[in-house]
Every structure is written in C-alpha cells, then in structure tokens.
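Here the structure comes first, spelled out in structure tokens, and everything after it is commentary.
Residue numbers (the working numbering): 51 to 206.
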C-alpha cells in the first residue's frame, strides 16, 4: 500500500479534500480517502505532492440519447462531445481549462463537477474508475483555478 497527500485530493465522488490523504493499492486503485480537514500531519511513508491529486477515471457513453441543455456552460461542454464515445481524464482537464477561460469566476471543483454531471445528464455518459492516480500541477491553488500552465501527470 502507498500513501499520498496533496494540497487537494479529489475523492471518487468528486469531493475536494484540502490536504487529503489517499491510500492506494499496488494495482493503482484507491483503498481509502482520508479527510484531514486541512490539518495534515506527518505519517510514515507518506508522499506529499504539490497540486491536486485525482484518481484515474473515464467517462464512457452508455446511452445513445443526447439532449441539449439551454444553459451556456452546459452547451459549451456538449459542443465538445461531437461523436465521442468516451472522455479520458486528460480530455476532462483540457475541457476544464477551456471552460475556465470562458467562465473565470468558476473554480476547479465546480468546473469538474459541472462537466461530469453534464456529460452524465445530457450526453448519456457514465463514470468508470480506472487504475492510477494523476496530479494536476500548475493550477492556482489559492483560488482553485486552471491556468495556462495546468498539466496532468500520471503518478501511479
């Protein structure tokens, strides 16, 4: 088992945990998410990563029906679907960066939750866990905004 902590950790259900800890098996799947309530303490063999840590996932099309939302943010997300049958975590982050440019007042947790809920509600996609964990670095961690330097890197 490996233990990671980061400035923020995104749990499998999309909750952002400040200074959260992730315990992962050697297979790359999460065993446990620990909410430190922002108070991170030293633990043996804990690796701290600067950025936002998130599990591997993809959104895969499960329903052929697509409905069209009336809201501008959801419409932007749906335009990027085109003929896609799945969205990787890298594509999710790229779309998040695009949304951030057009809606600078929205923060990363809201953007990621809005993208995934829009894809599931209007696009017929479902979330699938994948092995591995990724670190989003180069983000504005104070305001929780994507920047042009935001990059996703596989950690496990």
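A virtual CB, placed ideally from N, CA and C, is assigned to each residue, including glycine.
Nothing here was measured: the structure is a model prediction, and the numbers come from that model.
First through last residue of the beta strand (DSSP E) which encompasses residue i
i: residue 52; result: 52-60
Bounding residues of the alpha helix (DSSP H) (the contiguous stretch that carries residue i)
i: residue 125; result: 122-129
i: residue 163; result: 158-173
i: residue 142; result: 139-152
Under 9 angstroms between C-beta atoms of residue i and residue j
i: residue 58; j: residue 206; result: no
i: residue 186; j: residue 102; result: yes
i: residue 110; j: residue 62; result: no
i: residue 86; j: residue 119; result: no
Proximal residues to residue i (C-beta, below 8 angstroms), its chain only, five neighbours per side dropped
i: residue 161; result: 146, 149, 150, 153 and 196
Cβ-based neighbour list, residue i, same chain, cut-off 6 angstroms, excluding 5 preceding and 5 following
i: residue 190; result: 197
i: residue 82; result: 73
Residue i, buried or exposed, once every other Cβ within 10 Å from all chains shown has been counted against 16
i: residue 124; result: buried
i: residue 192; result: exposed
Contact set for residue i: own chain, Cβ-Cβ below 7 angstroms, skip 5 residues either direction
i: residue 166; result: 64, 109 and 177
i: residue 157; result: 193, 194 and 195
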